[in-house]
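Report on the following structure.
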Amino acid sequence: MSRSPNRILIALSGLFLAVAPVSAERLNIGRAATPDEIRGWDIDVRPDGQGLPVGKGTAALGETIFQERCASCHGEFGEGAGRWPELAGGAGTIKSDSPVKTVGSYWPYVSTVFDFIHRAMPFGAAQTLTPDETYSVTAYLLYLNDILKDQDFEVNEKNLATIRLPNEKNFFMDDRETAEKEFWNAKPCMKDCLPKEAAITSRARALDVTPEKAGEAAKPSAPVQ
């Protein structure tokens, strides 16, 4: 038996009216987070220093903490142990064939260093460092990278964001809304957009794109039809 569209619409309307009051009721699952609970999660730090906790530390104090809590992975002087990340050195290597991305050679902001240590370090025991310990370890890493010259210089929530890392100028805010706006199209092509059928001209396994020696250009290979 066929059903008219009107009868189906009436049936669906009745079903919706029957369900709506139920879905509108409170489910009574969980509760609102308390200010202290929110504060425990809201620990990120911005480049301008917003979010930094009250505290202080020096590289001299940070060295002891680093040796006890961090050196097993990152080496005594931030040189990296085994395959764990290097945190110091690497100056002038970013444009080379083997860039060494450390706090001194690559990282953008000191707040990034503090934020990562505060949230995720030490490995396996995240967020066990106090704010003062985190400031001290951050200061020690700055000292290892010759950004701080005085191991007794005190860093705190008021001056940390004023310290600049060497590679900061090579980072910039996402500007696609202005730099790429001319390419935006409210009605992009979704079908038959190419002037002719796409053809495979080469395959990744046939390309020799890895330089044999440092500074040597990749060897071009003939297209594979």
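If you count the sequence shown from 1, position 136 lands on 260 in my numbering, and the numbers rise without skipping.
Ideal placement from N, C-alpha and C gives every residue a C-beta, glycine not left out.
- Counting along the chain, the unbroken alpha helix (DSSP H) around Arg-300 starts and ends at 300-303.
- In the DSSP annotation of this structure, the continuous segment of the alpha helix (DSSP H) that includes Gln-191 starts and ends at 183-193.
- In the assembly as shown, Val-178 is an exposed residue. Its beta-carbon has fewer than 16 other beta-carbons within 10 Å.
- Under DSSP, the beta-bridge partners assigned to Asn-280 are Lys-180.
- Counting of Cβ neighbours within 10 angstroms places Ala-183 among the buried residues, the total reaching 16 or more.
- Note that the stretch 272-284 does not touch the stretch 193-208; fewer than 3 beta-carbon pairs, one per stretch, sit closer than 8 Å.
- In this structure, Ile-218 lies near Ser-229, with their beta-carbon atoms less than 7 Å apart.
- Under DSSP, the beta-bridge partners assigned to Tyr-233 are Arg-288.
- In terms of CA proximity to Ala-215, Pro-290 leads the group Ile-189, Ile-153 and Pro-290.
- The beta carbon of Leu-176 sits closer than 8 Å to those of Val-169, Ser-235, Phe-238, Glu-281, Leu-284 and Ala-285, all from its chain and outside the five residues before and after it, given in chain order.
- Excluding sequence positions up to five before and after Ser-260, its CB lies within less than 7 Å of the CB of Gly-181, Thr-182, Leu-185, Gly-186 and Ile-189, all in the same chain and listed in chain order.
- Annotated three-state conformation of Gly-164 is helix, per DSSP.
- When rounded, the separation of the alpha-carbon atoms in Trp-165 and Thr-252 is 14 Å.
- C-alpha of Ala-249 to C-alpha of Asn-269: approximately 25 Å in a straight line.
- A direct Cα-Cα distance of roughly 25 Å separates Pro-246 from Lys-273.
- A direct Cα-to-Cα measurement between Lys-320 and Met-314 gives close to 15 Å.
- Between Pro-223 and Phe-295, the C-beta gap is not smaller than 7 Å, which leaves the two residues out of contact.
- Sorting Cys-194, Glu-304, Pro-159 and Ile-162 by C-alpha distance to the C-alpha of Tyr-264 places Cys-194 at the top.
- Counting along the chain, the unbroken alpha helix (DSSP H) around Glu-257 starts and ends at 255-268.
- Nearest to Arg-288 by C-alpha distance, out of Asp-299, Gly-173, Gly-206 and Arg-329, is Gly-173.
- Between the C-alpha atoms of Leu-331 and Ile-271 there is a straight-line separation of about 42 Å.
- Non-local C-beta neighbours of Arg-163 in its own chain, meaning closer than 8 Å and more than five positions away in sequence, are absent.
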